[in-house]
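For the sequence shown, the positions run -18 to 91 when the numbering used here is used.
Every residue, glycine too, gets a C-beta built ideally from N, C-alpha and C.
Beneath this line is the structure, given in structure tokens, with notes to follow.
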Amino acid sequence: MDMSVGQASTTFELAQIDPELRGRPLYLSALNVGRDHIGSLINTLALAYFGGALPLVLLLSMGFQPLSVSLNSEAMVESIVTVIVASVGLVLCVPVTTAVAVMLAGRREP
-18 MDMSVGQAST TFELAQIDPE LRGRPLYLSA LNVGRDHIGS LINTLALAYF
32 GGALPLVLLL SMGFQPLSVS LNSEAMVESI VTVIVASVGL VLCVPVTTAV
82 AVMLAGRREP
């Protein structure tokens, strides 16, 4: 949600600074800023999830199971899938938010 608010604010600010910037050029300019948002938040998200899964990893590493069995455990797969799904949602959030903000910025009076 933080990224969506930041991305929408960036889009509206770009539209306000340059009233001639509309449509695709505005979208591409705002998307450049969004790439920076994505990079920092995916790193934070991955570190947070892996930090939360660290006790699980330590517990599995203490066992005498082969690595392939440990990686295929339900808890480990759940942690990995959670990171992947959250990252995909994060990556899709920027272009969708930017597109909606560009449409709304086009309706505003300069």
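The shortest CA-to-CA distance from L26 to any of P76, R88 and G70 is the one to G70. About 5 Å separates the CB atoms of G15 and Q(-12); that is less than 8 Å, so the two are in contact. When rounded, the separation of the alpha-carbon atoms in L9 and L(-5) is 11 Å.
Approximately 5 Å separates the beta-carbon atoms of R3 and G87; this is inside 8 Å, confirming the contact. Each residue's CA atom was taken as its position, placing L22 and G32 some 15 Å apart. Per DSSP, the continuous alpha helix (DSSP H) segment holding D(-17) begins and ends at D(-17) to I(-2). G44 sits in coil when the DSSP states are folded into three classes, being neither helix nor strand. With contacts defined as CB atoms closer than 7 Å, C74 and S(-15) qualify as a contacting pair.
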